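**Q** First residue of the sequence shown? That's 2 in full-length UniProt numbering, and the numbers climb one at a time after it. For every residue, glycine included, the Cβ atom is placed at its ideal position computed from N, Cα and C. A quick note: this is a predicted structure, and the numbers were derived from the prediction, not measured.
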Amino acid sequence: PDVSKTQAYGKLILFGEHFVVYHVPALVGAVAASTTCALEVVEGGSDEGVEIIDNRPAVPNYKVKKADEGKQAVDLVLKHFAVQDKLDGKSSLKLTFGGDLCCVSGIGASAAQTVSLSRAIDQTFKLNSTEEEINQGGYEGEKGYHGTPSGIDNTAATYGGLLKFQRTEADPIFTKKEIKEPIRIVYASTGITASTTEVVGDVRSKKEADPAWFDKLLEQYKALVKKAEDAMDQGDIPLLGSLMNENHKLCQELTVSCAELDQLVETARSAGAIGAKMSGTGRGGLMLCLTPTEEIQNKVFEALEKSAPQVWKTCLQ
Ligand code: PMV
Numbered sequence: 002p003d004v005s006k007t008q009a010y011g012k013l014i015l016f017g018e019h020f021v022v023y024h025v026p027a028l029v030g031a032v033a034a035s036t037t038c039a040l041e042v043v044e045g046g047s048d049e050g051v052e053i054i055d056n057r058p059a060v061p062n063y064k065v066k067k068a069d070e071g072k073q074a075v076d077l078v079l080k081h082f083a084v085q086d087k088l089d090g091k092s093s094l095k096l097t098f099g100g101d102l103c104c105v106s107g108i109g110a111s112a113a114q115t116v117s118l119s120r121a122i123d124q125t126f127k128l129n130s131t132e133e134e135i136n137q138g139g140y141e142g143e144k145g146y147h148g149t150p151s152g153i154d155n156t157a158a159t160y161g162g163l164l165k166f167q168r169t170e171a172d173p174i175f176t177k178k179e180i181k182e183p184i185r186i187v188y189a190s191t192g193i194t195a196s197t198t199e200v201v202g203d204v205r206s207k208k209e210a211d212p213a214w215f216d217k218l219l220e221q222y223k224a225l226v227k228k229a230e231d232a233m234d235q236g237d238i239p240l241l242g243s244l245m246n247e248n249h250k251l252c253q254e255l256t257v258s259c260a261e262l263d264q265l266v267e268t269a270r271s272a273g274a275i276g277a278k279m280s281g282t283g284r285g286g287l288m289l290c291l292t293p294t295e296e297i298q299n300k301v302f303e304a305l306e307k308s309a310p311q312v313w314k315t316c317l318q
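#1: Are at least three pairs of beta-carbons, each pair with one atom in the region 128-136 and one in the region 67-77, less than 8 Å apart?
#2: Between which residues of its own chain and L240 is the CB-CB distance below 7 Å, once the five residues before and five after are set aside?
#3: Per the contact definition of three or more C-beta pairs closer than 8 Å, is the region 133-152 in contact with the region 41-60?
#4: Helix, strand or coil, according to DSSP, for I174 in the structure here?
#5: Between the region 115-128 and the region 90-107, do at least 3 Cβ pairs fall closer than 8 Å?
#6: Secondary structure at G148, three-state DSSP: helix, strand or coil?
#7: Tell me the residue span of the beta strand (DSSP E) that contains G30.
#8: Determine contact between the region 152-161 and the region 172-182, defined as no fewer than three beta-carbon pairs at a distance below 8 Å.
#9: Thinking just about the alpha-carbon of each residue, which of S190, K127 and T159 is nearest to the one in P310?
#10: Taking C-alpha atoms, which residue in L88, T282 and T159 lies nearest to T194?
#11: When the Cα atoms are used, what is the spatial distance from V266 to K278?
#12: Mind checking who M279 pairs with in its DSSP beta bridge?
#13: Exposed or buried, V105, counting other C-beta atoms within 10 Å across all chains shown (16 or more means buried)?
#14: Between the region 241-261 and the region 219-227, do at least 3 Cβ pairs fall closer than 8 Å?
#15: Cβ of S106 within 7 Å of any heavy atom in ligand 1?
#16: At what residues does the beta strand (DSSP E) containing S93 begin and finish?
#17: Under 7 Å from any heavy atom of ligand 1, does the C-beta of I174 make it?
#18: Who are the Cβ neighbours of Q8 in its own chain at under 8 Å, not counting the five residues just before and after it?
#19: Taking N248 as the reference, give the member of P212, A213, V312 and M288 with the closest Cα.
#20: Ligand 1 and T169: does the residue's C-beta get closer than 7 Å to at least one heavy atom of that ligand?
#21: Apart from the five residues on each side of it in sequence, which residues of its chain come closer than 7 Å, Cβ to Cβ, to T198?
#22: So M245 packs on L291, CB below 8 Å; how close in whole Å?
#23: Bridge partners of A9, per DSSP?
#24: Can you give me the start and stop residues for the alpha helix (DSSP H) that E295 sits inside?
#25: To the nearest angstrom, report how far apart I186 and L88 are at their CA atoms.
#26: Please list, in chain order, all residues of the same chain as L269 whose beta carbon is under 8 Å from its beta carbon, the five residues on each side excluded.
#27: Whose C-alpha, out of G45, V60, K181 and I275, is nearest the C-alpha of G90?
#28: Could you round the C-beta distance between L40 and T125 to whole angstroms and report it? I think they count as a contact, below 8 Å.
#29: Mark residue 338 as exposed unless 16 or more other C-beta atoms lie within 10 angstroms of its C-beta, in which case mark it buried.
#30: Return the Cβ separation of V78 and G138 in integer angstroms, given the expectation that the two are a contact with Cβ distance under 8 Å.
#31: Going by DSSP in three states, D55 sits in which element: helix, strand or coil?
#32: Would you decide whether G202 is buried or exposed? Buried here means 16 or more other CB atoms lie within 10 Å of its CB.
#33: For F215, name the three-state secondary structure that DSSP assigns.
#34: Would you mind listing the alpha helix (DSSP H) stretches within the region 194-267 that are 4+ residues and don't spill past its ends, in chain order?
Right under this line is the structure:
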């Protein structure tokens with residue numbers, strides 16, 4: 002199979018992790034790295050049904066921690082596309098995941114995997130699926146990892162680019178945003194892999210215990226994301242940076258940041274980043290920062306390399 006056609010992007014949430022669960026808009030950007038999936042139908046294969054070969058680069062710990070969920074996610078995608086019905090009962094499947102996306106909590110690696118698998122199924126069985134159907138397959142798999150995900154990761158993995166995404170009572174709505182200026186980003190891992198289901202569940206408990214506290218934060222976030230969208234539309238990178246700092250503050254108040262993330266955010270700002278925040282689930286996972294020039298990007302990268310287990314550079318364009 003032509004694995005290039007099965008690629009699905011990693012993503013970074015620029016604005017709105019956790020708030021997005023509660024039907025307010027988020028801004029998300031696909032990174033310039035992706036996961037691929039090669040699917041082979043093995044005649045007379047084993048009774049095991051599905052063999053998974055995982056060649057994706059990953060931070061230490063990631064694949065070990067995600068192995069069971071990953072298997073469950075793959076099974077959900079196969080079920081969604083009724084793949085077993087398309088086999089003759091005597092064949093099995095061999096799935097090989099690869100690509101240049103380094104798996105780390107916060108980069109949307111699970112969605113990149115389930116979307117790349119959806120694309121591979123579509124290609125192998127000539128289903129002529131629409132992008133919407135590919136995205137839906139990716140979402141079904143994401144449930145294997147996260148319970149009830151917002152859908153932001155699989156949507157970014159499917160469509161790429163920069164998206165404004167909003168969950169609704171019905172299907173999520175999203176629009177592609179034009180990127181006026183290339184957005185240079187450095188992102189770094191805390192080395193900690195937190196459970197999205199647990200952290201999202203904890204935020205929900207806190208919200209239920211003190212609705213007024215949560216509503217106040219949600220209102221602040223809504224005003225913030227509106228300004229962030231305007232800044233993006235105008236290509237105002239410095240403003241975007243200061244709004245990211247404000248988003249990080251809201252994440253701290255929501256209790257989803259942690260000492261390790263706060264430390265990396267400080268390091269990035271001291272080294273010249275014009276905005277820095279946690280990205281994704283939090284309580285571990287990733288931080289990202291905005292670096293307006295290549296020179297600043299390199300300087301911030303070097304500073305973060307001294308304290309973060311892993312650091313990456315990317316550019317949204
Ligand atoms: O850690 P990630 O990249 O899977 O992002 C999770 C984002 C949340 O808003 C916390 C949950 C969700 O389903 O949107």
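**A** Judging by the given coordinates:
#1: Under the Cβ criterion (8 Å, minimum of three pairs), the region 128-136 does not count as touching the region 67-77.
#2: In the sequence shown, counting from the first residue as 1, residue 240 sits at position 239. Around L240: A232.
#3: With a cut-off of 8 Å, the region 133-152 and the region 41-60 do not count as touching, because too few Cβ pairs lie within range.
#4: Taking the first residue of the sequence shown as position 1, residue 174 is located at position 173. It is a strand residue.
#5: Touching, per the Cβ criterion.
#6: Taking the sequence shown and counting its residues from 1, the one referred to as residue 148 is at position 147. If DSSP states are grouped into helix, strand and coil, G148 belongs with coil.
#7: In the sequence shown, counting from the first residue as 1, residue 30 sits at position 29. Unbroken beta strand (DSSP E) run through G30: A27 to V43.
#8: Three or more Cβ pairs drawn from the region 152-161 and the region 172-182 lie within less than 8 Å of each other, which places the two stretches in contact.
#9: Indexing the sequence shown from 1 puts residue 310 at position 309. Checked all of S190, K127 and T159; the closest Cα to P310 is S190.
#10: Here residue 194 refers to the residue found at position 193 when the sequence shown is read from its first residue. Taking only the C-alpha atoms, the option nearest T194 is T282.
#11: Here residue 266 refers to the residue found at position 265 when the sequence shown is read from its first residue. Here residue 278 refers to the residue found at position 277 when the sequence shown is read from its first residue. Approximately 6 Å between the Cα atoms of the pair.
#12: What you label residue 279 is simply residue 278 of the sequence shown in a count that begins at 1. Paired residue(s): M288.
#13: Residue numbering aside, residue 105 sits at position 104 when the sequence shown is read from its first letter. Buried, by the Cβ-count rule.
#14: The answer is yes - the region 219-227 touches the region 241-261, with three or more Cβ pairs under 8 Å.
#15: Here residue 106 refers to the residue found at position 105 when the sequence shown is read from its first residue. Because some heavy atom of ligand 1 lies under 7 Å away, the Cβ of S106 counts as near it: yes.
#16: Reading the sequence shown from its first residue, position 92 is the one you call residue 93. Element bounds for S93: S93 to G100.
#17: Residue 174 sits at position 173 when you count from the first residue of the sequence shown. Incorrect: I174 has no Cβ contact closer than 7 Å to ligand 1.
#18: Residue 8 sits at position 7 when you count from the first residue of the sequence shown. Excluding positions up to five away in sequence, the list reads S35, T36, T37, G100, S117 and R120.
#19: Numbered from its first residue, the sequence shown carries residue 248 at position 247. Comparing Cα positions, the closest option is M288.
#20: Residue numbering aside, residue 169 sits at position 168 when the sequence shown is read from its first letter. Placement of the Cβ of T169 at a distance of 7 Å or more from every heavy atom of ligand 1 is found.
#21: For this step, residue 198 is matched to residue 197 along the sequence shown. Excluding residues within five positions, the ones whose Cβ falls inside 7 Å are H147 and G148.
#22: Along the sequence shown, one-based indexing puts residue 245 at 244. Along the sequence shown, one-based indexing puts residue 291 at 290. That pair is a contact at about 6 Å.
#23: As a position in the sequence shown, residue 9 is number 8, starting the count at 1. In DSSP, A9 forms a bridge with T36.
#24: Looking up residue 295 in the sequence shown gives position 294. In the DSSP annotation of this structure, the continuous segment of the alpha helix (DSSP H) that includes E295 starts and ends at E295 to E306.
#25: Working through the sequence shown from its first residue, we reach residue 186 at position 185. Working through the sequence shown from its first residue, we reach residue 88 at position 87. Roughly 44 Å between the two C-alpha positions.
#26: In the sequence shown, the residue the question calls residue 269 occupies position 268. Going by the sequence as given, residue 269 is Ala instead of Leu. Closer than 8 Å at the Cβ level, and outside the excluded window around A269, lie V187, A189, A277, M288, C290, V301, A304 and L305.
#27: For the purposes of this step, residue 90 is taken as the residue at position 89 of the sequence shown. Comparing Cα-Cα distances from G90 to each of G45, V60, K181 and I275, the minimum goes to G45.
#28: What you label residue 40 is simply residue 39 of the sequence shown in a count that begins at 1. What you label residue 125 is simply residue 124 of the sequence shown in a count that begins at 1. Indeed, because the Cβ distance is near 5 Å, the residues count as touching under 8 Å.
#29: Look at the range of the chain in this structure, 2 to 318, and you will see that residue 338 is not part of it.
#30: If you number the sequence shown from 1, residue 78 lands on position 77. If you number the sequence shown from 1, residue 138 lands on position 137. Yes, they are in contact, since the Cβ atoms of V78 and G138 sit about 5 Å apart, within 8 Å.
#31: On the sequence shown, position 54 is the one that residue 55 refers to. The three-state secondary structure of D55, taken from DSSP, is strand.
#32: For this step, residue 202 is matched to residue 201 along the sequence shown. That one is exposed.
#33: Along the sequence shown, one-based indexing puts residue 215 at 214. If DSSP states are grouped into helix, strand and coil, F215 belongs with the helices.
#34: Runs found: 197-210, 212-234 and 238-254.
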